[in-house]
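*Asks:* In this note's numbering, the protein residues as written are 1 to 71.
1. Please list the segments of the alpha helix (DSSP H) lying wholly inside the segment 24-56, counting only runs of 4 or more residues, in order along the chain.
2. Rounded to the nearest angstrom, what separates residue 2 and residue 10 at their Cα positions?
3. I need the straight-line Cα distance from residue 61 to residue 22, nearest angstrom please.
4. Among 25, 19, 13, whose alpha-carbon lies nearest the alpha-carbon of residue 47?
5. Out of 36, 53, 28, which one is the CA nearest neighbour of residue 15?
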């Protein structure tokens, strides 16, 4: 699972720009682009992004973990 890629996809589906997300988190736009390239992320930052995008990324992470543990 690439959490950064998932964040980017949800952001696009919600119609939010990088500038908007950076203002809401808050952080610099360049940091948002860095987030998109991450495979992992701090819980605190993921929580904030989840709030801003109104999307539960933690559920996605737990689903992925369950799938991997069953293999």
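Ideal placement from N, C-alpha and C gives every residue a C-beta, glycine not left out.
*Replies:* Looking at the coordinates:
1. Segments of the alpha helix (DSSP H) lying fully in the segment 24-56: 29-36, 43-53.
2. Using only the alpha carbons, I get a separation of about 13 Å.
3. A straight-line Cα-Cα distance of about 22 Å links residue 61 and residue 22.
4. Comparing Cα-Cα distances from residue 47 to each of 25, 19, 13, the minimum goes to 25.
5. Its Cα nearest to that of residue 15, the residue 53 stands out among 36, 53, 28.
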